[in-house]
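Engineer: If you read the sequence shown in my numbering, its first letter stands for residue 3, the second for the next number, and so on. Before I ask anything, here is the structure I am working with.
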Amino acid sequence: MMNEETMDACRILMCRPTYFKVSYSINPWMEMKDPVDTKKAMEQWNALKSTIEKCGATVEVMDAKDLPDLVFTANAAVVRGKQVYLANFALQERKAEWKINDEWFRQNGFNTFFNATIPHEGTGDALWCCNGTVLVAAVGPRSDVRALPDIQQKLQTNGDTFKILAVRLVDDRFYHLDTAFCPLNDKLALWFPQAFDPVSQHNMSNYFQLLPVSESEAKRFACNAVVIGNHVIMNEGCERIAQLLDRHGFKVHFVPMSEFLKSGGSAKCLTLRLNP
C-alpha cells in the first residue's frame with residue numbers, strides 16, 4: 003500500500019454539483035420521475051470532498067457549468083503525468099463536456115489529446131493498476147476498443163511504458179468499469195464478477211487477488227469507491243465490505259451518495275485522480 007508521502011501527494015479533481023440533476027436518461031439508474039434533491043446533493047458532495055481531504059488528498063475544484071453530468075469528473079479523461087487523453091463521450095447528452103475539460107487541463111499545465119472519432123469515457127472505463135504499469139480498460143456501451151491503442155500511443159512518452167488489460171462489460175447496469183471494479187493496491191481489488199464476460203473474468207483473476215461484492219452491494223456502488231492509501235471512501239450501506247477490507251488493512255469511510263446514485267454514479271464517479 004501507499005506510504006504517507008504518496009498519500010500526501012494525491013491530487014483529485016472534482017466539480018461542484020451546482021447544475022446536477024436528472025434531466026435525461028442515459029443509463030438504467032436514471033429515472034425522470036425521481037428528481038434529485040439539489041440541496042442534499044450539495045451536502046453529500048461537500049461531505050465527500052471533506053472526507054477525501056481528511057484522508058490526506060488535495061482536492062482541486064473545476065468551475066461548474068450548466069451541464070448536469072459535468073460533476074462526474076472521473077469520466078473527463080485518462081491522466082498520466084502531464085499527458086491527458088480527453089474523453090469523447092459516446093452519447094450526445096454529454097458531448098459538450100470535453101471542451102470544458104480541455105480548457106481546465108490546459109489552464110493547469112497539462113498536454114491534452116482528443117480523438118473525436120472514437121468514443122471513450124476517461125477513468126470511468128480505464129483504471130491504473132499495479133503501480134501504474136497496467137491500465138485496465140473496459141470495452142462496453144461507452145468506450146470503443148479502438149481507443150485503447152490510441153490511448154497507449156498518446157500516453158506512453160519518454161520510455162514511460164505500460165500494458166493495457168482490455169476487459170468487456172456485459173451488464174448494462176454497470177456501464178462503466180469503475181462501477182464494477184476498484185483497484186485497492188498493486189495486488190488487491192474489489193469487483194462484481196458478473197459485470198464482465200468469462201474471458202475478462204479469467205484474465206483479471208490472473209492479475210489480481212479479487213474480492214467479490216454481492217449484487218446488492220454492487221447496486222449500492224460498493225466498487226465505485228475512492229482509494230487513498232489505506233483509506234477507502236464509499237457509499238453507505240456496505241458494512242460487509244467494510245469488515246472485509248478491515249481484515250486486509252483498509253479503513254472504510256462511509257459517505258451517503260443517494261442523490262448521485264439516481265444518476266448512476268457514486269464516490270469514484272465524482273473524482274478524477276490527477277497523479278499516480
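Every residue gets a Cβ at the ideal spot worked out from N, C-alpha and C, and that includes glycine. Remember, it's a predicted structure, so these values are computed and weren't measured experimentally.
Name the residue from Q196, R82, P70 whose alpha carbon lies nearest to the alpha carbon of Q155.
Structural biologist: Nearest of Q196, R82, P70 to Q155, Cα basis: R82.
Engineer: Alpha carbon to alpha carbon, how far is R242 from V234?
Structural biologist: Their backbone Cα atoms lie some 14 Å apart in a straight line.
Engineer: Classify Q158 as helix, strand or coil using the three-state DSSP reduction.
Structural biologist: Of the three classes helix, strand and coil, the one that applies to Q158 here is coil, per DSSP.
Engineer: In the structure shown, what three-state DSSP assignment does E62 receive?
Structural biologist: DSSP places E62 in strand when its eight states are reduced to three.
Engineer: According to DSSP, is V169 helix, strand or coil?
Structural biologist: V169: strand per DSSP, three-state reduction.
Engineer: Which residues does DSSP list as the beta-bridge partners of R82?
Structural biologist: DSSP lists Q85 as partners of R82.
Engineer: Tell whether a beta-carbon distance below 8 Å holds between V254 and M236.
Structural biologist: Their beta carbons are under 8 Å apart, which means V254 touches M236 by this criterion.
Engineer: Starting from R13, follow the beta strand (DSSP E) in both directions and report where the run begins and ends.
Structural biologist: It spans 13-17 - the beta strand (DSSP E) in which R13 sits, taken as one unbroken run.
Engineer: For D68 and Y26, which I take to be in contact (beta-carbon distance under 8 Å), what is that distance rounded to the nearest angstrom?
Structural biologist: Rounded, the Cβ-Cβ distance is 14 Å, inconsistent with contact.
Engineer: When you compare each of L276, G161, L129 to L150 by their alpha carbons, which one comes out closest?
Structural biologist: Here the closest residue by C-alpha is L129.
Engineer: Distance, Cα to Cα, E7 vs K56?
Structural biologist: The predicted position of E7 is uncertain, since its pLDDT is 37 and thus under 50; no value can be drawn from it.
Engineer: What's the C-alpha gap between A89 and E99?
Structural biologist: About 9 Å.
Engineer: With DSSP collapsed to three states, give me the class of L72.
Structural biologist: Looking at L72 - three-state DSSP - the assignment turns out to be coil, as it is neither helix nor strand.
Engineer: Can you tell me which of the three DSSP states L263 falls into?
Structural biologist: L263 falls in the helix class under three-state DSSP.
Engineer: Run the CB neighbour count on P200, radius 10 Å, all protein chains shown included, and call it buried at 16 or more, exposed below.
Structural biologist: By the neighbour-count rule (16 or more Cβ atoms within 10 Å), P200 is not buried but exposed.
Engineer: Please report the Cβ distance between L179 and G126, rounded to the nearest whole angstrom; I am assuming they are in contact, meaning their Cβ atoms lie under 8 Å.
Structural biologist: Confirmed, Cβ separation roughly 7 Å.
Engineer: Identify, in the order they occur along the chain, each residue of the same chain with its Cβ nearer than 7 Å to the Cβ of L212, setting aside the five sequence neighbours on each side.
Structural biologist: If we look at L212 and ignore the five residues flanking it on each side, its Cβ neighbours are A191, W193, M206.
Engineer: Looking at C-alpha atoms only, which residue of R222, L272, V141, V73 is the closest neighbour of E92?
Structural biologist: Residue 92 is actually Ala in this sequence, not Glu. Out of R222, L272, V141, V73, V141 has the C-alpha closest to the C-alpha of A92.
Engineer: Bridge partners of R184, per DSSP?
Structural biologist: Looking at the sequence itself, residue 184 is Cys, so the reference to Arg does not match. For C184, which the question treats as bridged, DSSP gives the partners L192.
Engineer: Buried or exposed, going by whether 16 or more other CB atoms sit within 10 Å of the CB of M64?
Structural biologist: Buried, by the Cβ-count rule.
Engineer: Tell me which residues share the same chain as M32 and place their Cβ nearer than 8 Å to its Cβ, disregarding the 5 neighbours each side in the sequence.
Structural biologist: V24, Y26, K264, S265, G266.
Engineer: Is the beta carbon of I230 less than 8 Å from the beta carbon of C12?
Structural biologist: Yes, they are a contact pair.
Engineer: Per DSSP, L50 forms a beta bridge with which residues?
Structural biologist: Per DSSP, none; premise fails for L50.
Engineer: Using a Cβ-Cβ cut-off of 6 Å (strictly less than) and excluding sequence neighbours within five positions of F176, which residues of its own chain qualify?
Structural biologist: Hits under 6 Å: A182, A197.
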